[in-house]
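Participant: In order, the protein sequence lines correspond to chains B and F.
Quick note on the numbering used here: the first sequence kicks off at -8 and runs consecutively.
Quick note on the numbering used here: the second sequence kicks off at 68 and runs consecutively.
By construction, the Cβ of each residue, glycine as well, lies at the ideal position given by its N, Cα and C atoms.
Quick caveat: nothing in here was measured; it's all calculated off a predicted structure.
The structure under discussion is supplied below as structure tokens; questions concerning it will follow.
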Amino acid sequence: MTRRRVINAVRALLLVLLAVAMLTTAGFFSTPSIIATLDYTSLIGLVALGMAFVTISGNIMSLALSATMATCGQVFLLTSGLGMWPAIAIALGAGVVITGFQGFIIGTLRANPIIVSIAAFALIHGIVSALTGGARAYPDPGAEYSLLRGRIGLVQAPLIVFVAGTVMAQLVLTFTRFGRNLFLVGSNFRAAEAAGVTTWRTISLAYCMAGLYTGFAGIMAAARYQTADLELGAGYDYEAIAAVLIGGVAIQGGMGSAWRVFVGAVVFAAAGTLLVLRGYSTEVQRLLTGVLILCVICLQAGGDKR
Amino acid sequence: MNWARVLHLAGAPNVRPFVILGGAFAAIALADLGFGTLLHTATMFSVTQLFATLGLAALGLGLTMMVDEFDLSIPGSFTVAGAVAVLTGVQYPWLGLACGVAAGLAAGAIQGALIVSLGVRAVGLTLGGFLTLIGITYILTGGSTIAYANHEVSNWLYQPTLFGLISNRGVIVLAIFLLTAAIMFFTRLGRDIIATGSNRAGAPVAGVNTSAIIIGVFSAAGGLAALGGVMLSYSLQAASATQLSDTLVAAASAAILGGVSLSGGKGSALGMAAGVLTICLLRSGLSAIGAKPYMLEIVTGTLLLVVAIFDAPRFLQQVKRLRPGRFSATPGKN
């Protein structure tokens, strides 16, 4: 297992480098920078937690979570006149239904998850544009949801949701039968079937969880920006899978934890802030996201070989 | 049940693309009844122009799907090649073409080599490749649209030919489809690709060098997408990183509608050409008869979803379970 050691060494080295960069970059520990980083971490992290359920279930990733996030944000704002909690419930329900439906198709028919998610992306964009006429969603004038925009010191509402979400996801993964089945289905589908796991139910539930977490991200983002359109979560699919992989969740499924996703999201967001503070353009950030994913996947694959 | 069997046969991969193409044409013609916009030369020209734009990216993606992989980096090669060609090819278009295609070939070859040597699945790796290539394009173009000032090239590529139905660019793309079809049908290479896609562990026993095939297919896919990107940028006289960001949805839909099986080992270049034409017909046809833009997304998404369901390994098994009076957990609409 020397390879495993190499990987751990690389991980430690990268974390040290990141820490050094944080300490030597002027302004990283300033209040605005920290608030911005934590805010970004929370939104990316919530989608990443959702993505992790898909990844762990052995279905690689979904390319439709960004569109789902945007839809949930719009649903939340459009129903905000009903009161905060009903609006939250309806928006989360929308996320669970949209993503759960894909999970159902993937789980029962073993349809290709990437293609189903691409189709879902196009369908969500088409149907939402048809329903809204392409207009941006704004909150109801009398809507009250300042709780979602609240902040205690440096701790903002999205961060609280993200931390609570991480704990909940970890509890689900560790202590429920669904969690144990999920790892089994993800690591060895046929063994899971032979062991009597109702695989379609496990996969559907994994996608429902993905929709739930993505819904939270959409609601928090919509509450923050006070408006939402289909571009709300643009690019989050890629950033979320980057956070998932950086945290060390295995791309081939069957392995991972919510803690890892948490660390991945923090590292990814912090690296992004560092690049901005050091004056690199968004173009360089995109390039780095890609290179990071490539490196992580190559490292993971290297670690799997004995 | 008999109807399940019929459904399955109608959806046989080698028949399906042409059935769907005919169906799409009939459906749009029906919606167009009395206006005659669909059969206008201008509409047909816009269909073949779109075919020229999407065709090679779809062909490249389809080839990787034939070997049971999925190359998410296709739009990346497409975009980066356009930018490279615009930057290097103002004076010597051939040089720009060579540089652009070389960039795509290199991107494909590197990813193919990594897939083979590390034994990873392509989806995750090419996701990184895609973002890297788009990042490179952003840096090359400085995040904006860069112009290409050689009008002669773009005029020639746009030149309508064959009764004004297709441009020179479209003819080149069509020729490449025919060439690929010939290679797939007549050479050992074609059979080796199918063998690799059908059973990667077993193919080496039959003397197939699967590693070489995979690296070759990914290189070809990158190179094809790059050629498409270069010709589009030359034709539009511009390149940008956001150009055709929806290439992946269109290319994937086209390849799958074209009869490429998601589980590998099936598909033909001619079927894929029909698949690309279907997508183009839907796009241009729907806008020609005045449908709203979202209709296109709904139609494309539904088609892609339906084909993904038809193609799913357990589709037939679940349909058989759907007998009257027996509760089953399958989607009822099939």
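Can you pull the chain B neighbours of F137 of chain F, defined as C-beta to C-beta under 7 Å?
Facilitator: I105
Participant: Which chain F residues are close to F112 of chain B, counting only those with a beta carbon under 8 Å from its beta carbon?
Facilitator: V316, G368
Participant: For A319 of chain F and chain B, any beta-carbon pair shorter than 8 Å?
Facilitator: yes
Participant: Just to confirm, is the Cβ distance from G325 of chain F to P84 of chain F under 8 Å?
Facilitator: yes
Participant: Less than 7 Å separating the Cβ of T218 of chain B from some heavy atom of the ligand SAM?
Facilitator: Of the ligands one can find in the structure shown there are none, so the ligand SAM has no counterpart to examine.
Participant: Please confirm whether I288 of chain B and I51 of chain B have their CB atoms less than 8 Å apart.
Facilitator: no
Participant: By how many angstroms is the C-alpha of L285 of chain B removed from the C-alpha of V300 of chain B?
Facilitator: Lying outside -8 to 297, the shown extent of chain B, residue 300 of chain B is not represented and no answer is given.
Participant: Keeping to the same chain, check which residues put their C-beta closer than 6 Å to that of A213 of chain B; ignore five residues upstream and five downstream.
Facilitator: G64, F67, L68, A219
Participant: Hey, would you say L37 of chain B sits closer than 8 Å to Y229 of chain B, going by beta carbons?
Facilitator: no
Participant: With respect to the alpha helix (DSSP H) encompassing H218 of chain F, which residues constitute its N-terminal and C-terminal limits?
Facilitator: 218 to 225
Participant: State the start and end residues of the unbroken alpha helix (DSSP H) segment that holds Y229 of chain B.
Facilitator: 227 to 238
Participant: Can you name, in chain order, every residue of its own chain whose Cβ lies under 6 Å from the Cβ of T367 of chain F, other than the five neighbours on each side?
Facilitator: S320
Participant: If you count every other CB in all the chains shown that lies within 10 Å of the CB of Q226 of chain F, and 16 or more means buried, which is it?
Facilitator: exposed
Participant: If we define contact as Cβ-Cβ less than 8 Å, is T264 of chain B a contact residue for chain F?
Facilitator: No, T264 of chain B does not count as interfacial toward chain F.
Participant: Relative to the C-alpha of S116 of chain F, which residue among F:F377, F:L363, F:L348 is closest?
Facilitator: First, the amino acid is wrong: residue 116 of chain F is Gln here, not Ser. Nearest C-alpha to Q116 of chain F: F:L348.
Participant: For L9 of chain B, tell me which candidate among B:L221, B:V257, B:G91 has the shortest Cα-Cα distance.
Facilitator: B:V257
Participant: Does the segment 372 to 380 of chain F come close enough to the segment 102 to 119 of chain B to have 3 or more Cβ pairs within less than 8 Å?
Facilitator: yes
Participant: So is E274 of chain B in contact with chain F if we call contact Cβ pairs under 8 Å?
Facilitator: At least one chain F Cβ lies under 8 Å of E274 of chain B.
Participant: Here's the rule I'm using: 16 or more other beta-carbon atoms within 10 Å means buried, otherwise exposed. How should K425 of chain F be labelled?
Facilitator: Because chain F here runs from 68 to 401, residue 425 of chain F falls outside it and cannot be looked at.
Participant: Which value, in whole angstroms, describes the spacing of the CA atoms of V272 of chain F and A262 of chain F?
Facilitator: 11 Å
Participant: Alpha carbon to alpha carbon, how far is Y271 of chain B from H218 of chain F? Give it in angstroms, no decimals.
Facilitator: 35 Å
Participant: Return no unless some Cβ of chain F is closer than 8 Å to the Cβ of F43 of chain B.
Facilitator: Correcting the residue identity first, residue 43 of chain B is Ala in this sequence and not Phe. A43 of chain B does not count as touching chain F.
Participant: Using only alpha-carbon positions, find the residue among B:A148, B:A197, B:V146, B:S53 that is nearest to R171 of chain B.
Facilitator: B:A197
Participant: Quick one: does I213 of chain F have its CB under 8 Å from some CB of chain B?
Facilitator: no
Participant: Would T167 of chain B pass as an interface residue toward chain F - the criterion being a Cβ-Cβ separation below 8 Å?
Facilitator: At a cut-off of 8 Å between C-beta atoms, T167 of chain B does not count as an interface residue with respect to chain F.
Participant: Below 8 Å CB to CB, which residues in the same chain sit around L353 of chain F once its five sequence neighbours on both sides are set aside?
Facilitator: I95, M362, L363, V366
Participant: Name, going along the chain, the residues of the segment 116 to 136 of chain B whose beta-carbon falls closer than 7 Å to a beta-carbon of chain F.
Facilitator: Identification of residues in the segment 116 to 136 of chain B having a C-beta nearer than 7 Å to some C-beta of chain F yields H116, G117, I118, S120, A121, given in sequence order.
Participant: Give the residues from the segment 219 to 230 of chain B that approach chain F closer than 7 Å (Cβ to any Cβ), ordered along the chain.
Facilitator: Y229
Participant: Going by C-alpha to C-alpha distance, which of B:V7, B:A183, B:L34 sits closest to M211 of chain B?
Facilitator: B:L34
Participant: Taking Cβ positions only, does R142 of chain B come closer than 8 Å to chain F?
Facilitator: no
Participant: On the DSSP bridge list, what partners appear for S234 of chain F?
Facilitator: F:P227
Participant: If the cut-off is 8 Å on Cβ atoms, which residues from the segment 195 to 219 of chain F count as contacting chain B, listed in chain order?
Facilitator: G195, G196, F197, L198, T199, L200, I201, G202, I203, Y205, I206, G209, G210
Participant: Give the DSSP bridge partners of R142 of chain B, in chain order.
Facilitator: Beta-bridge pairing links R142 of chain B to B:Q147.
Participant: Would you report the Cα separation of G281 of chain B and H107 of chain F, rounded to the nearest angstrom?
Facilitator: 44 Å
Participant: Just the Cα atoms here: how many angstroms apart are M298 of chain F and V151 of chain F?
Facilitator: 12 Å
Participant: With distance defined between alpha-carbon atoms, name the residue in F:V147, F:L123, F:N81 nearest to T199 of chain F.
Facilitator: Comparing Cα positions, the closest option is F:V147.
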